[in-house]
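Each protein sequence line maps, in turn, to chains A and B. Going by our numbering, the residue at position 199 of the first sequence is 199; the numbering climbs one at a time, nothing skipped. So the number in our numbering is just where the residue sits in the second sequence, counting from 1, plus 1000. Idealized CB from N, CA, C, for every residue including glycine. Report on the structure given below.
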Amino acid sequence: MASFPGAAAPGASRALARPRRRRPALLGLAGILPALVLIVGLILYPVAYAIWLSFFDKHSFFPQERWIGLGNYVRLAGDPEFWDSLWKGTVYAAGTTALQLGFGVAAALLLHRTFRGRTVVRALVLFPYMIPTIVAVIVWRWLLNETFGLVDHLLVAWRLVRQPIAWLSVDHIMTSLIVMSVWQFAPFVTLSVLARLQTIPLELYEAARVDGASAWARFRHITLPQIRAVMFVIILLRGIWMFTKFDTVWLWGEGAGAGAEIRTLPIYAYMRTFTYYQAGFGAALSVIMFLLLMVATGLYFRLFWRDEEGM
Amino acid sequence: MRRLQGRLGLALLYLGAAGLAAQAVLPLLWMLSTSLKPPREVLATPPTLIPAVPTLENYARLLGQTAFLRYFVNSVSVAGLTVLLTMAVGAVGAYSLTRFRFPGRESIARLILCTYMFAPIMIVVPIYILARRLGIVDTHTALVLSYSSFCLPFSLWLLRAFFQSIPIELEEAAQVDGAGRPRALAYIVAPLALPGLIATSIFTFTLAWNDYIFTRILIVSDELKTLPVGVQDLFSAAVVDWGLVMAAGMLITIPALAFFMAVQRHLIAGWGTGGLKG
C-alpha cells in the first residue's frame, strides 16, 4: 500500500479517487449498463425520434405520417404565433431568472449571517421550492383571486390600490405568473449560494478586516469572486429551466383565455401536439427550442466562462 | 454612534430574516386556514385570517366524496418505486464510473451531463409513442421508467461526485485486510456515501411526487392518476370549491415537507459537496 492518508492536501482527493491500477473493465461496464440502457432508451432515443418526427406531417395519435422534409420549419418561420411564443418565453425566462437571482443571493447573504433561529429560517425558506407545483399554483391563484383573494383585500384595505387588481386577466397574468414563479424557484438560488458561502475560509475575511477593508469592499473583493463560479452555473441552469418550464406556466393559464398571454414556447409546442394533434409541427417547435438553448448556452460560455474558475 | 449602528444592523438583520420566513410560509398558512373553514366562511368578505370555528369538513369531503385517496396511494407507490429503481441503478452506475477504468468512461460521463439539458416537454411525445409500442401506456410502469430515466443523469452526476470524494485507499485497505469487495462496499463505501444517497433520493422522490406532465400524457384512466393531475381536475371544475382544493393542497404538501424536514441536513450537505461542484 503506497498511500499516505495524512498527506491529503487540497486538490489531492481527485487524484486519490482516480483508479491507478487496471481494474476489471467488464465489471465496470456491467455496472453502468442498466443506467445507460435507461438513459439511451428513454431520453436519447426519444430526442432523436423527436428530431426525426419534425420532418413529418404526423397526427399525434393516428399512425399515418407523411415526409415533408423541412416543411414544418418553413411553416414555423412564417408562423406569427411561434414568434409571439418565443418572445413571451424569453420575457418569462429572463424576468424570472433575474429576479430569482436578486432575491436568492440577497436571501443567501442574509442567512449566512449569525442570528438566533437561523436554522429554522433556513429550513422554512426552502418550503416553496419543495412543495409540488400544483400546490404552489392553487395557493397563489387563491391568494390572487379577484373577488375573494387575500392579496387584493389587503391592498385595498391598506389603500395601496383603489380597485382590486384582476391578477389573472390579460393585462396582469404575466406579472402574476412571474411573481409566483420567483416565489417558487428563488430558494434554489438561495440554497446553492448559501452552500458555497459556507465554504469560503473565514481567514480571508479576518485578514481583510485587519487590513481595514469596509463591509462593501469585503463583499466586492472576497465574497463576489468566490461565488462567481457557482453563480455562473446557477444562471445557466435556471435560465434553461425557466425557458423550458412547462407545468407552472400551463397550470397558471391552461393555454386558453387570458392564458394566451403566457403562451411560452413549451406551452405552444404542447398545444400544437395535444390540442391540434400536429405531432410533427410540435416536434419541430421542441427541436427549435433546444437549438436556441444550445446557441444561447454556447454564447453564454464564450462570454462569461473563465478558465480559472476550474469547475 | 458605532454602537447605535450595530444595533440598527442587528434590527435590520432580524427584520430581514422575519420577512424571509414570512414570505415563504404565509401563503402555506393561508392554505391551511382556508382548508379549515366551512364553505360559507371561505368566501366571506372581508376574509377571516383564522377560521372562527375550525372544521375538518373539507378533509372529510375530500376523502369521502372524491378519488383523492386513490390518487394519493398511486403517488406514493409511483414515487417509491422510482426512488428504489433510480437508487439501485444510479448507485451501481456511479460507483462503476469512479472505480473502474473502461473504454469510453469519460465520454459516458460527458454524455450524462449533456442529457441533463433536455426538458421533459421535448421528449414526452416520443415517450408516449414509445410507450404505446411497448403496450405500457396507461400503466404505472411507464411512469416509473420515465421518471427514473429522467432522474438518472443528475443522480449519476451527484453520486459520482460523492464516490469520488471517498478515498479509494480506504477500500483498498479493507480489501488488504481480507474483506472482499462486497464487504468493503457495505462497511466502508455505503456509510460514507450515505449523505449523497439521501440527497439523491430526495431529489428523485420530489421529482416523481411533483411531476405533472408525464402523468397528464401517459395516464388515461382516472384510477391510475397521481396527485398533481387528480387535483388539477378537482380544481378545473366550473365552480372551484376552494375549501376542498386547499385541503387537497395540504394533504399533498405534508408528505413532501415531512420527507424534506426529516432529511434536510443531508440535503444541504449534498447540495454543497455534490450538487454543483461535481
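*Which partner residues does residue 67 of chain A have in the DSSP bridge list?*
A:56
*How would you write the range of the alpha helix (DSSP H) that residue 1178 of chain B sits in, first residue to last?*
Here residue 1178 of chain B belongs to no alpha helix (DSSP H), and DSSP marks it neither H nor E.
_Close Cβ partners of residue 1224 of chain B (< 7 Å) along its chain, the five nearest in sequence each way excluded_ = 1074, 1138, 1140
*asked:* Just checking: is the beta-carbon of residue 1232 of chain B within a distance shorter than 9 Å of some beta-carbon in chain A?
replied: yes
*Can you give the Cα-Cα distance for residue 1153 of chain B and residue 1166 of chain B, rounded to whole angstroms?*
20 Å
*If we cut at 9 Å on Cβ distances, does residue 1241 of chain B have a partner in chain A?*
no
*asked:* I'd like to check one pair, residue 55 of chain A with residue 71 of chain A: are the Cβ atoms closer than 9 Å?
replied: yes
*If the cut is a Cβ gap below 8 Å, which residues of chain B does residue 27 of chain A touch?*
1096, 1100
*By Cβ distance below 6 Å, which residues in the same chain neighbour residue 965 of chain B in space, the five residues on each side in sequence not counted?*
Missing from the structure shown is residue 965 of chain B; chain B here goes from 1001 to 1278 and no further.
*Let me know if residue 247 of chain A comes out buried or exposed under the rule of 16 or more other beta-carbons within 10 Å of its beta-carbon.*
buried
*Report the residue from A:65, A:290, A:269 whose alpha carbon sits nearest the alpha carbon of residue 84 of chain A.*
A:269
*For chain A, is any of its Cβ atoms less than 9 Å away from the one on residue 1271 of chain B?*
The predicted position of residue 1271 of chain B is uncertain, since its pLDDT is 49 and thus under 50; no value can be drawn from it.
_I believe residue 1147 of chain B touches residue 1208 of chain B by the beta-carbon criterion, under 8 Å. Please report the beta-carbon distance rounded to the nearest angstrom._
4 Å
*asked:* If we define contact as Cβ-Cβ less than 9 Å, is residue 1211 of chain B a contact residue for chain A?
replied: yes
*Should the region 167 to 182 of chain A be called in touch with the region 90 to 98 of chain A, which here means at least 3 C-beta pairs below 8 Å?*
yes
*Kindly give me the distance between the Cβ atoms of residue 91 of chain A and residue 107 of chain A, rounded to whole angstroms, as I take these residues to be in contact under 8 Å.*
In fact, because the Cβ distance is near 24 Å, the residues do not count as touching under 8 Å.
*Any idea which residues DSSP pairs residue 278 of chain A with across the strands?*
A:59
*Could you tell me whether any Cβ in chain A is nearer than 9 Å to the Cβ of residue 1034 of chain B?*
yes
*Check whether the Cβ of residue 250 of chain A lies closer than 9 Å to any Cβ atom in chain B.*
yes
_So, for residue 37 of chain A: in the same chain, excluding its five sequence neighbours on each side, which residues have a beta-carbon less than 6 Å away from its beta-carbon?_
none
*Under 9 Å between C-beta atoms, does residue 1065 of chain B make it to chain A?*
no
*For residue 1054 of chain B versus residue 1036 of chain B, is the C-beta spacing smaller than 9 Å?*
yes
*Taking residue 1142 of chain B and residue 1251 of chain B to be in contact with their CB atoms under 8 Å, please state how far apart those CB atoms are, rounded to whole angstroms.*
Not really, about 25 Å apart at Cβ, beyond 8 Å.
*Between residue 278 of chain A and the rest of its own chain, which residues show a CB-CB distance below 6 Å, the 5 nearest in sequence each way excluded?*
272
_Short of 9 Å Cβ to Cβ, which residues in the region 1136 to 1164 of chain B face chain A?_
1145, 1146, 1148, 1149, 1150, 1152, 1153, 1155, 1156, 1163, 1164
_DSSP-derived helix/strand/coil call for residue 22 of chain A_ = Caution is warranted here: a pLDDT of 49 is assigned to residue 22 of chain A, below 50, making its placement in the model unreliable, and no coordinate value can be reported.
*Burial state of residue 294 of chain A (16 or more Cβ within 10 Å)*: exposed
_Just to confirm before moving on: does the CB-CB distance between residue 1088 of chain B and residue 1159 of chain B stay below 9 Å?_
no
*Got a sec? Which residues, its chain only, sit under 6 Å from residue 200 of chain A by beta carbon, not counting five neighbours each side?*
226
*For residue 179 of chain A, which of helix, strand or coil comes out of DSSP?*
helix
*How about residue 247 of chain A: is its C-beta nearer than 9 Å to some C-beta of chain B?*
yes
_Suppose you measure from the CA of residue 303 of chain A to the CA of residue 1176 of chain B; what does that come to, to the nearest Å?_
50 Å
*How long is the line joining the alpha carbons of residue 1015 of chain B and residue 186 of chain A, rounded to whole angstroms?*
19 Å
*asked:* I'd like to know if residue 1115 of chain B contacts chain A, where contact means its C-beta is closer than 9 Å to some C-beta of that chain.
replied: yes
*So, is residue 211 of chain A buried or exposed, given that buried needs 16 or more other C-beta atoms within 10 angstroms?*
exposed
*Entirely within the region 1191 to 1267 of chain B and at least 4 residues each: give me those alpha helix (DSSP H) ranges in chain order.*
1213 to 1218, 1227 to 1235, 1242 to 1262
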